[in-house]
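Protein chains in written order, with full-length UniProt numbering: chain V, 1 to 496; chain Z, 1 to 238.
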């Protein structure tokens, strides 16, 4: 009788079997990985642009000084994408948990079961990486060879550019081979490692999969990260002035900004759970409304649901509002906007560049909203027995629906607002709240330098915050489509 | 198999076994021995600790104190991974329901312990098919558990427990989810097959008809062996 280790084919077979929910989880993981691979390959192409390449029509790519920012933005774009893929890993979790428990009962060791999960995620991410690379090659060829769309009258309807007029994307550059390898292998490897890491607080027993969720979320570490990172950003300019020039002029000093943004974002994301817990504790003893009471108790019992929901949303809002602040600053300083607008400034370099950034933020927000829908729907389906029991004991579905919406959206409101304020303040802290511009031409022909205040981007920031919360509301309400089937009384008769 | 003195060799034993769920003790110092080829029935009321005892014997749970021996091997002292490997080699486990992987076919479910042990798929499936046929469910090889009746699922589950030709099979309420006719069919087939194979069986049940299949019966009350089970039966406690 063989009692060695299972063959890889066995693990693959067990990893790949499953129902519709499992297939959806695998497909969405693959889609997320494909998008991340595409973004990484694009970043690799931008990083590989040399002195003789181009010209490019997109200012952000054409200007060598802005390319590191483009690369950083593309890398940051991978965070909501991969977060989405991580959120998708909970789809069909109850059925998968039953399968894993049955495997343990059949004699699989905990480590073998974890390998099954890692194989599933790694395989899906591998397929996604290949699809992402294929999409990149198609895009590369398309934008290289297709000059655009020309109307019968000879007018150019769509212009993708050419080597003479300027390319839209760096299609004349093939990324370094080692960058290609890193992108293609890194995504599935990272996904598989992430899947194993995600199980670190999970006990897969022969009876069930038990998640040892911490009831009380951490407060000190997120607070330290957020306050430390946020304050450093807000006072970055002042710190720069206080520090010796020899230190500030070092090339790596400029890297402290993205690092501080990341630290602040991590603090905010981790702190979302603490915020939900505190909000729940505040509301639960004070409300008379059953829906709010249920929602508040859920916030204290499962505060990490809030952080799962808000991770990508927070990042999109933080970066989006930061970009709004930067645009006000740069556009004002270059004479593109403001009371002393330069009439000769028609290129609108920064205004147009930040329109591209806005598109990236909107894409990130859309991905985050899709992730929110997944988490909210999964929350309803996973708790179907509890919800069915509550319905059976007389709790109206409408109350449950309101509670589900409140428990998702309420913790998001303060987190999104704090992210927006931090983004705007961070941008002002790093690039200053005043800029020097050319004043009106004097009678003697001279151009005086004037110091003007950078306006606070109230309108775009409020639009971003409002859009984000509205999207969150719509997505959460969308997840209620599963409520009727989840509260079916027959759920109480099914095996747990 | 008998020893030189004529006594049957001990296949499975427990000594002063203790297991608690938090502060609530479930098994309190139980000691027992099961001879090779013997069918032992463990009976008791709900909450008496009989299922917990079985899980300790199967190596699913690690006891807080005491030891479980499988032959000469002290399995209670082994790691979780080693105890898991036991379930795909020397110990077969059968439960009331829920132990089959719903996404795999009956054939794949039965072949699973062999595949987990590193066997070739063709060899594992050949062995699995043989065991399915022995339990008269060979025609269900390509069916999945959700499409089977309770009795069919249970016979597939027992085939899976037997496919590695284990020394010991531990069954917890194997007919608990079945009607009496299906339960009788399952028990008849289980007993016939284990007698043929000389397998040791520990059977946990609260059903007197099922416990009657055992060569010997012990009764648990409040986590301890009850020396006077007849008193309880007289009092109407099953």
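Glycine is no exception: its CB is placed at the ideal position from the N, C-alpha and C atoms.
Please read these numbers as outputs of a predicted model, since none were measured by experiment.
- Residue ranges of each alpha helix (DSSP H) run of no fewer than 4 residues wholly in the region 277-345 of chain V, ordered along the chain? Within the region 277-345 of chain V, the complete alpha helix (DSSP H) runs of at least 4 residues are 290-301, 304-333.
Review point. Quick one: is residue 199/V near chain Z, going by C-beta distance under 8 Å?
Key: By one-based count along the first chain, residue 199/V stands at place 199. Closer than 8 Å: no.
What residues in the UniProt domain "ABC3 transporter permease C-terminal" (359-483) of chain V bring their beta carbon closer than 7 Å to a beta carbon of chain Z? From the UniProt domain "ABC3 transporter permease C-terminal" (359-483) of chain V, no residue has a Cβ closer than 7 Å to chain Z.
(message) Is there a Cβ of chain V sitting closer than 8 Å to that of residue 239/Z, yes or no?
(response) Given that chain Z is displayed from residue 1 to residue 238, the structure contains no residue 239/Z and the question cannot be resolved.
Near residue 191/Z, which residues of its chain fall below 6 Å by C-beta distance, leaving aside the five closest residues on each side in sequence?
As a first step, residue 191/Z must be located in the second chain, where it is residue number 191. Cβ within range, chain order: 213.
Check whether the Cβ of residue 202/V lies closer than 8 Å to any Cβ atom in chain Z.
As a position in the first chain, residue 202/V is number 202, starting the count at 1. Cβ-Cβ to chain Z under 8 Å: no for residue 202/V.
Review point. Do residue 435/V and residue 424/V come within 8 Å of each other at the CB atom, strictly closer than that value?
Key: Walking along the first chain from the start, residue 424/V turns up at place 424. Walking along the first chain from the start, residue 435/V turns up at place 435. Not a contact, by the Cβ cut-off of 8 Å.
**Request:** Reducing DSSP to helix, strand and coil, say where residue 209/V ends up.
**Result:** In the first chain, counting from the first residue as 1, residue 209/V sits at position 209. When secondary structure is reduced to three states using DSSP, residue 209/V falls in the strand class.
- Task: Can you pull the chain Z residues whose beta carbon is under 8 Å from the beta carbon of residue 109/V, in chain order?
- Result: The residue given as residue 109/V occupies position 109 in the first chain. Under the 8 Å cutoff, chain Z gives 80, 81, 84, 85.
- Item | Segment limits, alpha helix (DSSP H) that includes residue 484/V | Taking the first chain and counting its residues from 1, the one referred to as residue 484/V is at position 484. In the DSSP assignment, residue 484/V falls within the unbroken alpha helix (DSSP H) covering 483-486.
- Within the same chain, show all residues whose beta-carbon is closer than 6 Å to that of residue 124/Z, passing over the 5 residues directly before and after it, in chain order. Taking the first residue of the second chain as 1, we reach residue 124/Z at position 124. Once the five neighbours on either side are set aside, the close Cβ partners of residue 124/Z are 111, 114, 115.
task: Compare the Cα-Cα distances from residue 450/V to each of 338/V, 371/V, 399/V, 355/V and report the closest residue.
output: For the purposes of this step, residue 450/V is identified with residue 450 of the first chain, where counting begins at 1. Of all alpha-carbon atoms in 338/V, 371/V, 399/V, 355/V, the one lying nearest the alpha-carbon of residue 450/V is that of 338/V.
- request: Name the residue from 422/V, 354/V, 414/V whose alpha carbon lies nearest to the alpha carbon of residue 59/V.
  value: Taking the first chain and counting its residues from 1, one reaches residue 59/V at position 59. When C-alpha distances from residue 59/V are compared across 422/V, 354/V, 414/V, the shortest belongs to 354/V.
Worksheet item: Can you give the Cα-Cα distance for residue 440/V and residue 27/V, rounded to whole angstroms?
Response: The sequence position of residue 440/V within the first chain is 440, counting from 1. The sequence position of residue 27/V within the first chain is 27, counting from 1. Cα to Cα, the separation comes out at about 59 Å.
Worksheet entry | CA nearest to the CA of residue 189/V, picked from 136/V, 124/V, 250/V, 88/V | Taking the first chain and counting its residues from 1, the one referred to as residue 189/V is at position 189. Per the C-alpha coordinates, the member of 136/V, 124/V, 250/V, 88/V positioned closest to residue 189/V is 124/V.
Mind checking whether residue 277/V and residue 167/V have CB atoms under 8 Å apart?
Counting from one through the first chain, the residue named residue 277/V turns up at place 277. Counting from one through the first chain, the residue named residue 167/V turns up at place 167. The beta carbons of residue 277/V and residue 167/V sit no closer together than 8 Å.
Helix, strand or coil: how does DSSP classify residue 13/Z here?
Counted from its first residue, the second chain places residue 13/Z at position 13. Assigned with DSSP and collapsed to three states, residue 13/Z falls in strand.
ask   = Mind checking if residue 118/Z is an interface residue toward chain V, Cβ cutoff 8 Å exclusive?
value = Numbered from 1 along the second chain, position 118 holds the residue referred to as residue 118/Z. It does; some Cβ of chain V falls within 8 Å.
Check your understanding: In the UniProt domain "ABC3 transporter permease C-terminal" (89-201) of chain V, which residue ranges form an unbroken alpha helix (DSSP H) of at least 4 residues, counting only runs that do not cross its ends?
Key -> Those alpha helix (DSSP H) runs which fall completely within the UniProt domain "ABC3 transporter permease C-terminal" (89-201) of chain V and span 4+ residues are 93-105, 110-145, 177-198.
Check: With a CB to CB cut of under 6 Å and the five nearest residues on each side skipped, what residues in its chain are close to residue 166/Z?
Finding: Translated into the one-based positions of the second chain, residue 166/Z becomes position 166. Hits under 6 Å: 90, 91, 92.
Q.
Between residue 112/V and chain Z, is the shortest Cβ-Cβ distance under 8 Å, so that the two count as touching?
A. Within the first chain, numbered from 1, the residue matching residue 112/V stands at position 112. Using a CB distance cut-off of 8 Å, residue 112/V counts as an interface residue toward chain Z.
Collapsed DSSP secondary structure at residue 9/V in the structure displayed: Locating residue 9/V in the first chain gives position 9, counting from the first residue. DSSP, read as helix, strand or coil, puts residue 9/V in helix.
- [ ] Pull up the distance between the alpha-carbon of residue 13/V and that of residue 258/V, whole angstroms please.
- [x] Position 13 of the first chain, counting from 1, holds the residue named residue 13/V. Position 258 of the first chain, counting from 1, holds the residue named residue 258/V. Rounded to whole angstroms, residue 13/V to residue 258/V spans 42 Å at the Cα level.
Exercise for review: Rounded to whole angstroms, what's the CA-CA distance from residue 174/Z to residue 223/Z? Just pull it up for me.
Suggested key: Your numbering for residue 174/Z matches position 174 in the second chain. Your numbering for residue 223/Z matches position 223 in the second chain. Going by the C-alpha atoms only, they are around 21 Å apart.
Contact criterion: CB-CB distance below 8 Å. Does residue 7/V meet it with respect to chain Z? Within the first chain, residue 7/V is the residue found at index 7, counting from 1. Yes, its Cβ sits closer than 8 Å to a Cβ of chain Z.
Quick check: is the beta carbon of residue 495/V nearer than 8 Å to any beta carbon in chain Z? Taking the first chain and counting its residues from 1, one reaches residue 495/V at position 495. Below a pLDDT of 50, predicted positions are generally treated as unreliable, and residue 495/V, at 49, falls in that range; no measurement from the model is reported.
Could you tell me the boundaries of the beta strand (DSSP E) in which residue 39/Z lies?
For the purposes of this step, residue 39/Z is taken as residue 39 along the second chain, with counting starting at 1. From DSSP, the beta strand (DSSP E) with residue 39/Z extends over 39-44.
Exercise. Identify the contact partners of residue 17/V in chain Z, using a Cβ-Cβ distance below 7 Å as the criterion.
Key: Against the first chain, residue 17/V aligns to sequence position 17. Among the residues of chain Z, those whose CB is under 7 Å from the CB of residue 17/V are 103, 104, following chain order.
Would residue 93/Z count as contacting chain V if we go by Cβ distances under 8 Å?
-> The residue you call residue 93/Z lines up with position 93 of the second chain. Yes - at least one Cβ of chain V is within 8 Å of the one on residue 93/Z.
Distance cutoff 8 Å, beta carbons only. Does residue 513/V sit that close to anything in chain Z?
Because chain V spans 1 through 496 in this model, residue 513/V falls outside it and cannot be assessed.
**Request:** Put residue 165/Z into one of helix, strand or coil per three-state DSSP.
**Result:** Walking along the second chain from the start, residue 165/Z turns up at place 165. In the structure shown, the three-state DSSP call for residue 165/Z is coil.
Do residue 37/V and residue 129/V have their C-beta atoms within less than 8 Å of each other?
Your numbering for residue 37/V matches position 37 in the first chain. Your numbering for residue 129/V matches position 129 in the first chain. In contact: residue 37/V and residue 129/V (Cβ atoms closer than 8 Å).
Q: Would you kindly work out how many angstroms separate the C-alpha atoms of residue 41/Z and residue 199/Z, rounded to a whole number?
A: The residue given as residue 41/Z occupies position 41 in the second chain. The residue given as residue 199/Z occupies position 199 in the second chain. Looking at the two C-alpha atoms, the distance is approximately 14 Å.
- Item | Listed by chain order, chain V residues near residue 301/Z by CB distance under 8 Å | Absent from the model: residue 301/Z. The displayed extent of chain Z is 1 to 238, so no value can be given.
Original post:
Under 8 Å between C-beta atoms, does residue 206/V make it to chain Z?
Top reply: In the first chain, residue 206/V corresponds to position 206, counting from 1. Yes, residue 206/V counts as interfacial toward chain Z.
*Hey, would you say residue 275/V sits closer than 8 Å to residue 373/V, going by beta carbons?*
Along the first chain, one-based indexing puts residue 275/V at 275. Along the first chain, one-based indexing puts residue 373/V at 373. No.
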